[in-house]
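One structure below.
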Amino acid sequence: MTSLEVTDNLEGSGFFDASPSFDNVEVLTGTIQPGEEVSGQFITEAYDSEKYYFREDPGNVAAGGSNQVIWTIPADEAK
455 MTSLEVTDNL EGSGFFDASP SFDNVEVLTG TIQPGEEVSG QFITEAYDSE KYYFREDPGN
515 VAAGGSNQVI WTIPADEAK
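Note that the numbering used here gives residue 531 to position 77 of the sequence shown, counting from 1, and the numbers run on in steps of one.
What follows is the structure, encoded as C-alpha coordinates:
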(Lines of atoms letter the chains of each structure in order from A and count residues from 1; the text may use other names and numbers.)
(Lines give C-alpha, C1' and ligand atoms only; values in the text may rest on other atoms or scores of the structure.)
Protein backbone atom coordinates (compact mmCIF):
# COMPACT_ATOMS: atom_id res chain seq x y z
CA MET A 1 0.00 0.00 0.00
CA THR A 2 2.98 2.30 0.38
CA SER A 3 3.14 2.91 -3.36
CA LEU A 4 -0.56 3.63 -3.88
CA GLU A 5 -2.05 7.11 -3.96
CA VAL A 6 -5.32 8.97 -4.50
CA THR A 7 -5.74 11.80 -7.00
CA ASP A 8 -8.54 13.70 -8.66
CA ASN A 9 -6.42 14.30 -11.78
CA LEU A 10 -4.62 11.48 -13.61
CA GLU A 11 -2.20 14.02 -15.11
CA GLY A 12 -1.28 15.41 -11.68
CA SER A 13 0.28 14.18 -8.47
CA GLY A 14 -1.53 12.27 -5.78
CA PHE A 15 -1.77 11.88 -2.03
CA PHE A 16 -0.38 8.89 -0.13
CA ASP A 17 -1.84 6.86 2.75
CA ALA A 18 -1.57 8.45 6.22
CA SER A 19 -3.38 5.65 8.09
CA PRO A 20 -0.19 4.29 9.77
CA SER A 21 -0.08 7.60 11.69
CA PHE A 22 -3.28 6.73 13.57
CA ASP A 23 -3.41 4.13 16.37
CA ASN A 24 -7.14 3.38 16.00
CA VAL A 25 -7.16 2.70 12.23
CA GLU A 26 -7.19 -0.70 10.55
CA VAL A 27 -4.34 -0.29 8.06
CA LEU A 28 -4.52 -2.06 4.69
CA THR A 29 -1.77 -4.68 4.60
CA GLY A 30 -0.84 -7.84 2.75
CA THR A 31 -0.76 -8.98 -0.84
CA ILE A 32 -3.95 -9.15 -2.89
CA GLN A 33 -4.10 -12.18 -5.15
CA PRO A 34 -6.44 -12.40 -8.18
CA GLY A 35 -9.99 -13.02 -7.02
CA GLU A 36 -9.21 -12.02 -3.41
CA GLU A 37 -10.11 -8.92 -1.45
CA VAL A 38 -8.82 -7.17 1.65
CA SER A 39 -10.34 -4.53 3.87
CA GLY A 40 -8.92 -1.70 5.90
CA GLN A 41 -8.69 2.06 5.80
CA PHE A 42 -6.70 4.37 3.54
CA ILE A 43 -6.64 7.88 4.98
CA THR A 44 -5.52 10.74 2.78
CA GLU A 45 -6.22 14.29 1.69
CA ALA A 46 -7.78 15.07 -1.67
CA TYR A 47 -9.26 18.00 -3.52
CA ASP A 48 -13.04 18.08 -3.97
CA SER A 49 -13.98 16.20 -7.11
CA GLU A 50 -16.82 14.20 -8.65
CA LYS A 51 -14.51 11.18 -8.86
CA TYR A 52 -11.18 10.04 -7.50
CA TYR A 53 -8.50 7.71 -8.83
CA PHE A 54 -6.78 5.19 -6.58
CA ARG A 55 -3.61 4.22 -8.40
CA GLU A 56 -0.06 2.95 -8.28
CA ASP A 57 2.47 5.78 -7.92
CA PRO A 58 3.38 6.77 -11.52
CA GLY A 59 7.05 7.10 -10.53
CA ASN A 60 7.11 3.48 -9.39
CA VAL A 61 5.49 2.43 -12.68
CA ALA A 62 7.98 4.47 -14.75
CA ALA A 63 10.88 2.86 -12.88
CA GLY A 64 9.52 -0.62 -13.70
CA GLY A 65 8.61 -1.45 -10.11
CA SER A 66 4.97 -2.16 -10.92
CA ASN A 67 2.34 -2.26 -13.63
CA GLN A 68 -0.09 0.64 -13.59
CA VAL A 69 -3.33 -0.09 -11.78
CA ILE A 70 -6.13 2.49 -11.49
CA TRP A 71 -9.47 2.26 -9.73
CA THR A 72 -12.06 5.02 -10.33
CA ILE A 73 -14.12 5.88 -7.25
CA PRO A 74 -17.19 8.16 -7.57
CA ALA A 75 -17.24 10.85 -4.86
CA ASP A 76 -20.55 9.57 -3.46
CA GLU A 77 -18.87 6.20 -2.74
CA ALA A 78 -15.80 7.72 -1.01
CA LYS A 79 -16.06 7.97 2.76
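Every residue, glycine too, gets a C-beta built ideally from N, C-alpha and C. Note that this is a predicted model, so its numbers are computed, not measured.
Exercise for review: Work out the CA separation of A500 and D462 for me, nearest whole Å.
Suggested key: 7 Å
Point to revise | Closest residue to T498 among G468, K505, D530 (Cα-Cα distance) | key: Nearest of G468, K505, D530 to T498, Cα basis: G468.
Exercise for review: Could you have a look at P488 and say whether DSSP puts it in helix, strand or coil?
Suggested key: coil
Exercise for review: Can you tell me which of D471, D511, Q495 puts its alpha carbon nearest to the alpha carbon of E480?
Suggested key: Q495
Review point. From which residue to which residue does the beta strand (DSSP E) around P512 run?
Key: No beta strand (DSSP E) contains P512, which is instead part of the alpha helix (DSSP H) from 512–516.
**Study point:** Alpha-carbon spacing of E504 relative to P528, whole angstroms
**Key:** 6 Å
Practice item. Please state if the CB of N521 and the CB of E531 are separated by a distance shorter than 9 Å. Key: no
Exercise for review: Classify V492 as buried or exposed, calling it buried when 16 or more other Cβ atoms lie within 10 Å of its own Cβ.
Suggested key: exposed
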